[in-house]
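Colleague: Sharing a structure with you now.
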Amino acid sequence: MDRICEWRDVWKEDLERVEDPFFACSVVQRALLENTTLRGLCDFQKACDLPLGRPLLQDDIWRALKLVEDGRWFLIREQPISPIDVSRYPRLRWAESKLDLLLSESKYPEADGPGKWKTFSIDTDLLWSGVALAANFLTSRGDEGRLFSSEGKDYANTRRLVSQRWVPLGEKERSFARLSATHRYGDVRRITQNYVQADDAWAITGESWHWRPVVPDEEYEYRIGAY
């Protein structure tokens, strides 16, 4: 059965079944207007703050479909007309695997052990970043002839939150187990990153704009006294 869900609830196994927003919008619109069966529709309506108990206005529909067009909510189908190009949706890069989650939550329900931190979500701090972008825009007005957002400094001091989960080591990583720190499988840590100009050995000028602190998609943690 088709279902609609927020981007963070898309499983890695679902990626090939995510419908392109162009076609997804018509399906979602029909479900809203005709009250057809669509899993997750109630949660979607709540997220859109759609009124209950009265027919939806066109403005209500447009507001709801904007979440689908912007890639914040996705339609999962058994046979999508046009599956999305995942590379166009960076948020889905960290889609979780059901298998990984089962391993961390059922096979190792209360277990501590060696492992690694694996990114499963990156969320922009919209309020903080919005203020930073507004300030940067005002500053950029002195740069005549330059398009705003064309340089790294236009995003200076924006902020985002990286969420990582402690997961078991893979088969090819077992040799690291004796050096690894131990945490409970499924534990989550969150790291705040700021977009700043900082030292970069790879840049010609010696500096570049990037997220600090640097957080890899997967990170190993050494136990105290490993060396």
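This note's numbering puts the first residue of the sequence shown at 1453, with every later residue one more than the last.
For every residue, glycine included, the Cβ atom is placed at its ideal position computed from N, Cα and C.
Note that the coordinates shown come from a computational prediction; the quantities given were computed from them, not determined experimentally.
#1: Between which two residues does the beta strand (DSSP E) carrying residue 1650 extend?
#2: Grab me the residues of residue 1515's own chain with a C-beta within less than 7 Å of its C-beta, minus the 5 sequence neighbours each way, in chain order.
#3: To which residues of the same chain is residue 1538 closer than 7 Å at the C-beta, ignoring the five residues directly before and after it?
#4: According to the neighbour-count rule (16 or more other Cβ atoms, all chains shown, within 10 Å of its Cβ), is residue 1604 buried or exposed?
#5: From the DSSP output, which residues share a beta bridge with residue 1535?
#6: Give the straight-line distance between the Cα atoms of residue 1631 and residue 1528, rounded to the nearest whole angstrom.
#7: Is residue 1614 helix, strand or coil by DSSP?
#8: How many angstroms separate the CA atom of residue 1494 from the CA atom of residue 1520?
#9: So residue 1518 is in the alpha helix (DSSP H); what residue range does that whole segment cover?
#10: So residue 1566 and residue 1469 are in contact, right, with Cβ under 8 Å, and what is the actual spacing, rounded?
#11: Since residue 1570 is in the beta strand (DSSP E), which residue starts that stretch and which ends it?
#12: Starting from residue 1526, trace the beta strand (DSSP E) in both directions and tell me its first and last residue.
#13: Helix, strand or coil: how does DSSP classify residue 1674 here?
#14: When you compare only the Cα positions, how much space is there between residue 1628 and residue 1673?
#15: Consult DSSP for residue 1457 and reduce its assignment to one of helix, strand or coil.
Modeller: In short:
#1: Start and end: 1640-1651.
#2: Correct list, in chain order: 1500.
#3: So the qualifying residues of the chain are 1467, 1544.
#4: By the neighbour-count criterion, in which a residue is buried when 16 or more other Cβ atoms sit within 10 angstroms of its Cβ, residue 1604 is exposed.
#5: Residue 1535 has 1471 as its beta-bridge partners, per DSSP.
#6: If you take the alpha carbons of residue 1631 and residue 1528, they lie about 41 Å apart.
#7: The DSSP-derived three-state label of residue 1614 is strand.
#8: Across the structure, residue 1494 and residue 1520 are spaced so that their CA atoms are roughly 15 Å apart.
#9: Run containing residue 1518: 1510-1521, per the alpha helix (DSSP H) assignment.
#10: 34 Å between Cβ atoms; not a contact.
#11: Residue 1570: member of the beta strand (DSSP E) spanning 1568-1576, first to last residue.
#12: Unbroken beta strand (DSSP E) run through residue 1526: 1525-1528.
#13: Residue state, collapsed to three classes: strand.
#14: Within the model, the alpha-carbon separation for residue 1628 versus residue 1673 is close to 10 Å.
#15: Correct three-state label for residue 1457: strand.
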